[in-house]
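K.L.:
Structure incoming, see below.
Numbering (the working numbering), first residue to last: 10 to 400.
As structure tokens, this is what we get:
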């Protein structure tokens with residue numbers, strides 16, 4: 010698993026390079042706030058389509074091959090982004106990156122292969138920590154790479170650097186990542202790549218988990234898509250300051266997912282940890298409109314990062330534990346597809362609300378929606394206790 014975590018970190022470092030510059034890159038071509046959020050959504054639309062397919066293919070052909078092909082495709086997408094000369098080309102490049110981002114499901118399935126059910130949340134937490142570390146360093150580097158020189162921002166350096174990191178991750182995949190699937194399991198030919206996807210979504214408990222995952226991601230994706238524009242209007246920030254904020258969020262998320270999620274789930278179970286994380290998210294979203302200074306902003310974003318850092322790996326662990334060993338990739342792919350759907354709808358909704366009702370509106374509405382998520386999660390806790398299922 011350490012090899013996979015390193016590869017994921019390098020891949021997400023490249024992803025993090027792009028995040029703080031993307032809104033400014035789109036605005037460079039004359040995009041409105043609503044169009045910027047649609048650009049974010051284009052990535053997720055392709056991930057929504059690809060994630061369950063890639064996850065299912067990894068069940069049949071192995072995780073390593075799928076991860077390697079996805080990294081190669083991601084590299085091509087970043088190069089296309091670097092040389093985009095119109096907003097349409099930027100949309101195409103971002104959509105291509107989303108198509109190959111389905112490898113997240115394969116990577117999570119790899120973790121499910123090499124961990125016991127009791128340690129799965131910790132494994133998912135380390136996976137999430139790699140995301141967080143990518144967001145610590147990636148946005149900071151991306152912010153400096155796009156620092157204006159004589160009033161001009163160079164948007165080529167960050168995507169090209171991200172492409173180089175994808176190449177490095179692919180080389181490491183070839184050299185140090187071993188296949189996690191046993192020959193006896195990998196050789197099983199399921200009835201096409203779509204059959205295990207259907208099997209994963211037919212179960213009632215899986216539907217409830219995926220819906221909860223979708224709801225949390227819907228709200229959080231709206232935050233990710235609008236926070237750069239919010240900070241620009243609230244504090245007159247540019248790419249460098251936004252990159253530093255993302256880095257701070259990454260530190261908090263990495264600490265929670267890398268160090269706290271394992272002990273928390275062993276003590277309280279995944280379902281209760283989800284409820285705890287949702288409470289942190291509600292408070293964080295409600296505090297965002299009150300952030301008139303750095304102190305309040307740092308507290309609010311710490312609650313947001315910590316809450317999401319608890320929810321995400323705990324939900325992924327619950328989904329993985331309810332899936333068979335032959336359908337880990339498909340089940341986690343369905344979850345990622347749901348998250349991608351949320352990343353399509355969430356940014357579009359948040360962007361429209363941002364443009365219509367002001368910069369604070371997406372966060373106020375998000376807090377209300379997450380109260381509903383707490384109700385769903387608490388019902389999940391009660392159900393798991395009544396059925397004696399180990400959450």
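Beta carbons are placed, not taken as given, at the ideal position from N, Cα and C, and that holds for glycine.
1. Skipping 5 residues on each side, what residues in its chain have a beta carbon closer than 6 Å to that of residue 99?
2. Just tell me which of 371, 128, 15 has its CA closest to the CA of residue 402.
3. At what residue ranges does the region 242–318 contain a whole run of the alpha helix (DSSP H), taking only runs of 4 or more?
4. Taking residue 168 and residue 27 to be in contact with their CB atoms under 8 Å, please state how far apart those CB atoms are, rounded to whole angstroms.
5. By alpha-carbon positions, which one of 186, 260, 150 ends up nearest to residue 170?
6. Using 7 Å as the limit for Cβ to Cβ distance, is residue 106 near chain B?
7. At which residues does the alpha helix (DSSP H) containing residue 43 begin and terminate?
8. What is the C-beta distance between residue 118 and residue 350, in whole angstroms, given that I count them as a contact (C-beta under 8 Å)?
9. Specify, as a first and last residue, the run of the alpha helix (DSSP H) that residue 182 falls within.
10. Excluding sequence positions up to five away, which residues of its chain have a Cβ less than 6 Å from the Cβ of residue 403?
11. Quick one: using the 10 Å Cβ neighbour count with 16 as the cut-off for buried, is residue 272 buried or exposed?
12. For residue 8 versus residue 114, is the C-beta spacing smaller than 7 Å?
13. Grab me the residues of residue 401's own chain with a C-beta within less than 6 Å of its C-beta, minus the 5 sequence neighbours each way, in chain order.
14. To the nearest whole angstrom, what separates the beta carbons of residue 120 and residue 132, a pair I think is in contact under 8 Å?
15. Is residue 377 buried or exposed, if buried means 16 or more other CB atoms sit within 10 Å of its CB?
P.N.:
So, to answer that:
1. 93
2. Any property of residue 402 remains undetermined from this structure, which presents the chain solely from 10 to 400.
3. 248–264, 270–277, 279–296
4. 7 Å
5. 150
6. No chain B appears in this structure, which consists of one protein chain only.
7. 42–70
8. Residue 118 to residue 350, Cβ: 19 Å. No contact.
9. 166–185
10. Here the chain covers residues 10 to 400 and nothing more, so residue 403 does not appear.
11. exposed
12. Coverage of the chain is limited to positions 10 through 400, which leaves residue 8 absent and any answer about it impossible.
13. This structure gives no information on residue 401, because the portion of the chain shown stretches from 10 to 400.
14. 4 Å
15. exposed
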